[in-house]
Structure formats: structure tokens, C-alpha cells
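Start counting the sequence shown at 1063; every next residue gets the next number (the numbering used here).
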Amino acid sequence: MNEHKEKILSVCNSICKNTLMETLEISYVDVGENFLVAKMPVTPKVHQPDGVLHGGASVALAESVGSAASYIFLDGQEFFVRGIEIAANHVKGIREGYVYARATIIHKGRTTQLWEIKITNEEGDLISNCKLTTIALPRK
1063 MNEHKEKILS VCNSICKNTL METLEISYVD VGENFLVAKM PVTPKVHQPD
1113 GVLHGGASVA LAESVGSAAS YIFLDGQEFF VRGIEIAANH VKGIREGYVY
1163 ARATIIHKGR TTQLWEIKIT NEEGDLISNC KLTTIALPRK
């Protein structure tokens, strides 16, 4: 399992080159039977003008990890995965350190999937709670 896990994380991280994920320094750090975890550093690059994590950066992290999870768990070789709706509740600010986004599947339909993405700080405190709906479209 550990070798399989490392391969999945390696693929997820390798496809981030020259993308928004690379710009935001998002990296995939853990995967399990029904979840994927990514982390992102909180630096001035992702701050609002008053020095706290920008909600848009949190949403970009959430959609990135949720879409990657869909790709993994729905066989990305057969389907294109796209986010079609995202909602976020930001409950706590953070100025520095790392945030971790854990995407867990709530509903795995043939066409649409529903993901819960909890974003936490290094101490495990909830920063944002997000819900992402993805759609799987067959590759032709």
C-alpha cells in the first residue's frame, strides 16, 4: 500500500508543474482509501491586504485537492474531471505556517461527485469548510 500511495502522490505532484497549484506551492502529502490531502504555505503571496490568508487562495486549494481526488478515485484515464460548483465557509484566519486540505468523498455518482474539503492549520484547527461538486465526462 505504501508504494502505491507514494506513486499516487508523485503523479499528483508532477502534474502541477506550470499550473496554479505550482504558483500557490500546493503539494499533495497523503492519500487513503477515500481521501486526499494537500498542503499550502501561508505567506504574503496568498494574503489579503491586511495580512491574513485570502479566501480565494483557500478556495483554490480546496478545488485543487477535490478535483485531484476525483481524478484518482474515478480513473482519470477514462474521464475528464471538472469542478462545477464550490462553496466555502471561512471560520478562522491564519497569517503564517501551512494549511492542510483534506478532501473526503460524500457522494460518488457515475456523473457527479460531492466532496467535503476541510482546511485546517498545523494544529488541526478548522480554517475553512468547503463543499465541491465535480462532474466526470467521458474521454472520447
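The C-beta atom is built at its ideal place from N, Cα and C for all residues, glycine as well.
Buried or exposed by the 16-neighbour rule on C-beta atoms within 10 Å, applied to residue i
i     : result
Q1110 : exposed
Q1139 : exposed
V1161 : buried
I1179 : buried
L1199 : exposed
Nearest-angstrom Cβ-Cβ length linking residue i and residue j, presumed shorter than 8 Å
i     : j     : result
I1197 : T1173 : 6 Å
S1126 : I1181 : S1126 to I1181, Cβ: 11 Å. No contact.
K1101 : V1091 : 5 Å
Residue span of the alpha helix (DSSP H) that contains residue i, given as start and end
i     : result
N1151 : It is not in any alpha helix (DSSP H) - N1151 instead sits in the beta strand (DSSP E) that spans F1141 to H1152.
DSSP three-state assignment for residue i, whether helix, strand or coil
i     : result
P1103 : strand
G1113 : coil
L1123 : helix
N1183 : coil
K1202 : coil
I1134 : helix
First through last residue of the beta strand (DSSP E) which encompasses residue i
i     : result
T1166 : G1159 to K1170
T1173 : It is not in any beta strand (DSSP E) - T1173 carries neither H nor E in the DSSP assignment.
Within the region 1071 to 1096, ranges of the beta strand (DSSP E) (whole runs, at least 3 residues): Counting only unbroken stretches of 3 or more residues, the beta strand (DSSP E) elements lying wholly within the region 1071 to 1096 are 1089 to 1093, in sequence order.
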